[in-house]
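Data first, discussion second: the structure below is written as C-alpha cells.
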Amino acid sequence: MSKAIHWFRQDLRCYDNPALSHACAQHEQLIALYIYDKRTLGAAQHWWLHHSLVSLQKSLNEHQLSLTLRQGDPVDHLLTLIKEHHIDTVYWNRCYEPASIARDKALKVTLEAQGVDVISCNGSLLNEPWTVKNQSGSWFKVFSPFWRQAIKQVEIPVCSPIIRWPAGIKTLSDSLESWQLLPTKPDWAAAFTTCWQPGEAGAMRNLNRFIDQHLTGYKQQRDIPAKEATSKLSPHLHFGEISPWAVLRAIEQAKQDSHCDLQSADHFLSEVGWREFSYYLLYHFPQLPEQNFKQEFASFPWHHDMEALRRWQQGMTGFPIIDAGMRELWHTGYMHNRVRMMVASFLTKDLLIDWRVGAEWFWHTLLDADLANNSASWQWVAGCGADAAPYFRIFNPVLQSEKFDPQGTYIKQWVAELSEVPLKWLHKPWEAGTGINVGTYPAPLVNHAKARELALAYYRNMK
DNA sequence: TGAAATGTTGGGGCG
DNA sequence: ACGCCCCAACATTTC
C-alpha cells in the first residue's frame, strides 16, 4: 500500500496538474495538503486564497478526497504527516521565488535523508528558466530574442485527465474559516465578488470568454481601459488555477479555427511571454525584488515624500487617469495594464518615488500580486530593469489619457467628482475655467512639464 | 509598450 | 507673376 502527499502551493487546480497526476498514478492513498504561509501572500490575496481553496476542496471532494489544511512551518507539518501516516513520496510543483527555492531545496535534502522520495514537477512555466539560453550559452537579457527562443523550444505536456483517484487518508486539518482570510471590518473585498471567480472553473471561464469575445481585435483593444478587452487571467495564473500551456493550447486552437486575427493571437501570447520572462529574470537574478537590475541606478536620489505617496495611493493626485487607476485598484484588486504603466511612470518619474515603494503598494492591493511580475514590471517602467523602457520614456498623463480613454469613460467610472466636467477638460480639469464644477477633486500634485525636466536631470546626472 | 524639440516641406495669403 | 512669410503637417532627432 503506497502512500503519498501532494503538497499544493501555487498550483491550485486538479486538471492539468503534473505533480498531482503523477501522485495519483503511482499511489493507492493520498494526502492533499495545503500549508498557509502569510509571508508569501499580498494582503488582498488572502481573499482570493480563501475562495480558491473552497473551490479546490470542492473539486477534491468530488473524488472522495479532502484537502488537509495546516498553518505554520511546512517542514514540521510534512515531517509529522510523513511519520504519522508512513508516507513514501512527497510531490509538488516547483515554485520560483528565491525564498521558495531555498526552502524546497533544504526540504528535499531533509526528506530524502529520511528515506522519503521527493518528486517535483514543472507546473507553472512553459520552459524551466535554466533551459532557455542564447547562442553563447548565457541567459537572455532582452525580451524579444528570449521569447523567440522560448516559444520555439517549448514542449506542451500532454494532459490526460486523472482516471483513477487514490483513496484519501484521514488527517487532522484546520478549518478554512479558522484562518480568517476574509476581511470583516471593514469589508474591503465587497466589490471583489462581482468581478472575480477564484478557482479552476473561474479561470476556464475567463479563458473561454476571452477567446470567444475579445481575442479578435485584442492588439488594438487591449490598451483601452474602458473596454473589457483583456483576459483577466493574471490572478488565476498566479495561483496556478490554470497553466500557461493550457492558455497556449487554447490560443493555438483558436488560430487553427481561424476565427481570430493572427496578430492579436501572437500579441496575446507574447503577454504570456512577459510572465515567462519575469520568472526567468527572477531565477537568474534573485535580487530582482530589492535591487536595481541596472547597477547605475543605485545612487538615484529618490524622493521620500510621504504626503505625495499617500495621495498617489488614495487616487488623489489631481490627474484623472492616474486617480482612476489607483481607485480601480483599491476597489477591485485589479488595474488595467495600460493604466498600471501610467501610474507607475507617474510615481517614479513625476513624483520621483522609489519603484520599490510602488511595488510594495501593488503587492498589498493587487489580487494578481506576483513577485516575479511585480518586480520585473516596476523595474521596467522605472528604467532600471532588464530590457527596460529607456529612462527618458516618460509618460505624459494627459496625452496618455486622451489617447487611451478618448471618451473619458474610464475616468468617469472611477472619479465621480468629475462627472459634470466636459470631455474637453476631463483629462486636465485644472485648465477648465472656474465655471466648471469639479467638486472636491484636488488640484494637480505636480506640474508635469517641470517634473519631467527634474526627472531627466536626475537621470542624466546618474551616468 | 513616448514625448518634446527641432527640422523640412509645401500650400496659400499677401504685398 | 513672384518672393516672402506663416504655419500646418509630417519627419527626424534628442532627451
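FYI, the working numbering numbers position 417 of the first sequence as 462, with every residue one higher than the one before it. Virtual Cβ for every residue (Gly too), placed ideally from N, Cα, C.
Residue of the options minimising C-alpha distance to residue i
| i | options | result |
| --- | --- | --- |
| residue 173 | 186, 200, 457 | 200 |
| residue 133 | 100, 164, 184, 359 | 164 |
| residue 495 | 396, 276, 355, 406 | 396 |
| residue 450 | 387, 504, 497 | 387 |
| residue 227 | 406, 393, 97 | 97 |
| residue 334 | 311, 106, 404 | 404 |
| residue 88 | 505, 171, 168, 409 | 409 |
| residue 275 | 124, 382, 315, 64 | 382 |
| residue 61 | 385, 155, 213, 206 | 206 |
| residue 290 | 353, 198, 221, 497 | 198 |
| residue 185 | 319, 374, 254, 481 | 319 |
| residue 279 | 139, 303, 203, 417 | 417 |
| residue 251 | 282, 269, 485, 222 | 282 |
| residue 180 | 168, 193, 169 | 193 |
| residue 379 | 354, 390, 415, 400 | 415 |
| residue 108 | 482, 211, 183, 493 | 211 |
| residue 512 | 385, 358, 466 | As displayed, the chain neither begins before 46 nor continues past 508, which places residue 512 out of reach and without an answer. |
Outcome for residue i when other beta-carbon atoms lying within 10 angstroms are tallied against a minimum of 16
| i | result |
| --- | --- |
| residue 240 | exposed |
| residue 175 | exposed |
| residue 131 | exposed |
| residue 116 | exposed |
| residue 349 | exposed |
| residue 64 | buried |
| residue 298 | exposed |
| residue 84 | exposed |
| residue 475 | exposed |
| residue 317 | buried |
| residue 394 | buried |
| residue 391 | buried |
| residue 106 | exposed |
| residue 468 | exposed |
| residue 48 | buried |
CB contact flag (residue i, residue j, <8 angstroms)
| i | j | result |
| --- | --- | --- |
| residue 300 | residue 307 | yes |
| residue 429 | residue 339 | yes |
| residue 119 | residue 75 | no |
| residue 263 | residue 330 | no |
| residue 69 | residue 209 | yes |
| residue 491 | residue 369 | no |
| residue 464 | residue 457 | yes |
| residue 77 | residue 51 | yes |
| residue 104 | residue 245 | yes |
| residue 489 | residue 377 | no |
| residue 360 | residue 351 | no |
| residue 126 | residue 57 | no |
| residue 439 | residue 502 | no |
| residue 284 | residue 137 | no |
| residue 113 | residue 189 | no |
| residue 455 | residue 270 | yes |
| residue 168 | residue 288 | yes |
| residue 434 | residue 425 | yes |
Boundaries of the beta strand (DSSP E) in which residue i is found, first to last residue
| i | result |
| --- | --- |
| residue 135 | 134-138 |
| residue 51 | 48-53 |
| residue 164 | 162-166 |
| residue 113 | 112-116 |
Residue interval of the alpha helix (DSSP H) (run including residue i)
| i | result |
| --- | --- |
| residue 319 | 307-329 |
| residue 192 | 188-198 |
| residue 340 | Taken as a continuous stretch (DSSP letters only), residue 340 belongs to no alpha helix (DSSP H), as it is neither H nor E. |
| residue 79 | Taken as a continuous stretch (DSSP letters only), residue 79 belongs to no alpha helix (DSSP H), being part of the beta strand (DSSP E) at 74-81. |
| residue 240 | 237-240 |
| residue 479 | Run containing residue 479: none; DSSP gives neither H nor E here. |
| residue 293 | 289-302 |
| residue 403 | 400-410 |
| residue 418 | 416-427 |
| residue 464 | Per DSSP, residue 464 belongs to no alpha helix (DSSP H) and is neither H nor E. |
| residue 91 | 90-106 |
| residue 390 | 382-390 |
| residue 486 | Segment: none, residue 486 is in no alpha helix (DSSP H) and carries neither H nor E. |
| residue 121 | 119-130 |
| residue 156 | 143-158 |
| residue 232 | Neither: residue 232 is in no alpha helix (DSSP H) and is coded neither H nor E. |
| residue 69 | 63-71 |
| residue 449 | 442-449 |
| residue 249 | 245-254 |
| residue 357 | 351-359 |
| residue 207 | Careful: residue 207 lies outside any alpha helix (DSSP H) and carries neither H nor E. |
| residue 266 | 263-266 |
Any non-hydrogen atom of the ligand COA within 7 angstroms of residue i CB
| i | result |
| --- | --- |
| residue 60 | With respect to the ligand COA, the structure shown offers nothing to examine, as it has no ligands at all. |
Check your understanding: Would you call the segment 439-458 and the segment 303-317 in contact, with 3 or more CB pairs under 8 angstroms?
Key -> no
**Study point:** Inter-stretch contact (C-beta, 8 angstroms, three-pair minimum) for the segment 216-236 and the segment 321-329
**Key:** Result no; under three Cβ-Cβ pairs closer than 8 angstroms.
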